[in-house]
Amino acid sequence: MNEFQRRLVLRYDPGQFTFRHFDVIASDEELYALARQLNSLQEDEVKQIVKVQVLQLR
């Protein structure tokens with residue numbers, strides 16, 4: 015299996031924001047830091063940060 019796509023999802027109550035275009039070599043820690051920085055610009059506090067990986071079967 016190969017990783018086909020990654021997404022970073024910031025979930026709020028209600029709603030969510032999804033980000034798809036970021037450096038593919040970014041670590042989980044860097045993605046978490048990015049999510050926290052993005053949330054710092056929001057009025058509402060993020061309820062959940064999710065990394066979604068879409069795998070491609072060959």
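The working numbering puts the first residue of the sequence shown at 15, with every later residue one more than the last.
All residues carry an ideal CB built from backbone N, CA and C; glycine is no exception.
Remember, it's a predicted structure, so these values are computed and weren't measured experimentally.
Check, Outcome
"CB-CB under 6 angstroms to Q62, same chain, minus the five flanking residues each way: which ones, in chain order?", "R25"
"From what residue to what residue does the alpha helix (DSSP H) around L55 run?", "Per DSSP, L55 belongs to no alpha helix (DSSP H) and is neither H nor E."
"In three-state terms, what does DSSP make of L22?", "strand"
"CB-CB under 6 angstroms to V64, same chain, minus the five flanking residues each way: which ones, in chain order?", "V23"
"Assuming K61 is part of the beta strand (DSSP E), what are its boundary residues?", "Unbroken run through K61: none, as it is neither H nor E."
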